[in-house]
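Asker: Below you'll find the structure I mean.
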């Protein structure tokens, strides 16, 4: 895990704490990371993996 | 990755109504989110979804669409389609569904390949400059079939 990974995990924690739903669109607008990098950092289902690492439930949204 | 047996999803999008375009986009994006490869082949009217000038003006069909629950005659009145489309887009925005251009960006950034059908491009007299910059290329159907190059690949016609 690099610093960038942790930055993303922090962002995901923040969203979770403020009860904002996580989505790939949200990642695009996050200002923390772009979608391409997100897929590179967490290959094979990035939001699923990142939430698993963050220890929070995976998003239920279809988008 | 994951326990899924599906490895690759290839979509053929042949229609330009909002519900069909979004069905393809959501399934293609959903595949990427699950670690499944995905690609979309835009053919016939599906090409409207990747034409710079047209992609933000897609409509929901009010005529010949029994699920609209309005009489066909009314559905054909001027402005009906625009109204229904506006209402649908509003509902979609509530669910945080991105507009077509942004959705295409998300798909491309997510590694979903976007292809235009060569025959349809020629038939509608389109040039590369008419199509989105994120397009990965113009293919024949044979080229597209060749991309079904691994086990557990599925093709879906929309």
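Residue numbers (the working numbering), protein chains in the order written: chain U, 49 to 111; chain R, 15 to 172. Each residue gets a CB set at the ideal place from its N, CA and C atoms; glycine is no exception. Predicted model only: the values in this text are computed from it and were never measured.
Against chain U, which members of the region 46-76 of chain R pass a CB distance test of less than 9 Å?
Answerer: Per Cβ criterion, the list reads 46, 47, 48, 49 and 50.
Asker: Would you verify that the beta carbon of residue 147 (chain R) is, or is not, closer than 8 Å to some beta carbon of chain U?
Answerer: Taking the first residue of the second chain as 1, we reach residue 147 (chain R) at position 133. Not closer than 8 Å to any Cβ of chain U, the Cβ of residue 147 (chain R) fails to qualify, so no.
Asker: Can you find a CB in chain R that lies within less than 8 Å of the CB of residue 95 (chain U)?
Answerer: Stepping through the first chain from its first residue, residue 95 (chain U) is reached at position 47. So, interface residue.
Asker: Decide if residue 66 (chain U) is buried, meaning its Cβ has at least 16 other Cβ atoms within 10 Å, or exposed.
Answerer: Sequence index remark: in the first chain, residue 66 (chain U) carries index 18 (1-based). Burial call: exposed.
Asker: Straight-line CA distance for residue 79 (chain R) to residue 140 (chain R)?
Answerer: As a first step, residue 79 (chain R) must be located in the second chain, where it is residue number 65. As a first step, residue 140 (chain R) must be located in the second chain, where it is residue number 126. For residue 79 (chain R) and residue 140 (chain R), the distance between alpha carbons rounds to 29 Å.
Asker: Which residues of chain U have a Cβ atom closer than 7 Å to the Cβ of residue 120 (chain R), listed in chain order?
Answerer: Indexing the second chain from 1 puts residue 120 (chain R) at position 106. Those within 7 Å of residue 120 (chain R) in chain U are 72, 73, 76 and 83.
Asker: So for residue 86 (chain U), helix, strand or coil by DSSP?
Answerer: Start at 1 with the first residue of the first chain, and residue 86 (chain U) comes out as number 38. Three-state result, residue 86 (chain U): helix.
Asker: Are any of the Cβ atoms in chain R nearer than 8 Å to that of residue 101 (chain U)?
Answerer: Here residue 101 (chain U) is taken as the residue at index 53 of the first chain, counted from 1. No, residue 101 (chain U) does not count as interfacial toward chain R.
Asker: Mind reading off the beta-carbon distance from residue 99 (chain U) to residue 106 (chain U)? Whole number of angstroms is fine, and I expect it under 8 Å.
Answerer: Residue numbering aside, residue 99 (chain U) sits at position 51 when the first chain is read from its first letter. Residue numbering aside, residue 106 (chain U) sits at position 58 when the first chain is read from its first letter. Their Cβ separation, rounded to whole angstroms, is 5 Å, which keeps residue 99 (chain U) and residue 106 (chain U) in contact under 8 Å.
Asker: Thinking C-alpha only, which one of R:152, R:88, R:23 and R:96 is nearest residue 61 (chain R)?
Answerer: Locating residue 61 (chain R) in the second chain gives position 47, where the first residue counts as 1. Comparing Cα positions, the closest option is R:152.
Asker: Against residue 57 (chain U), what residues of chain R qualify as contacts under a CB-to-CB distance less than 9 Å, listed in chain order?
Answerer: To locate residue 57 (chain U), count along the first chain from 1; it is residue 9. Within chain R, no residue comes near residue 57 (chain U); the closest Cβ sits about 18 Å away, beyond 9 Å.
Asker: Would the beta-carbon of residue 31 (chain R) be found less than 7 Å away from any heavy atom of the ligand NAD?
Answerer: The ligand NAD is not part of the structure shown, which contains no ligands of any sort.
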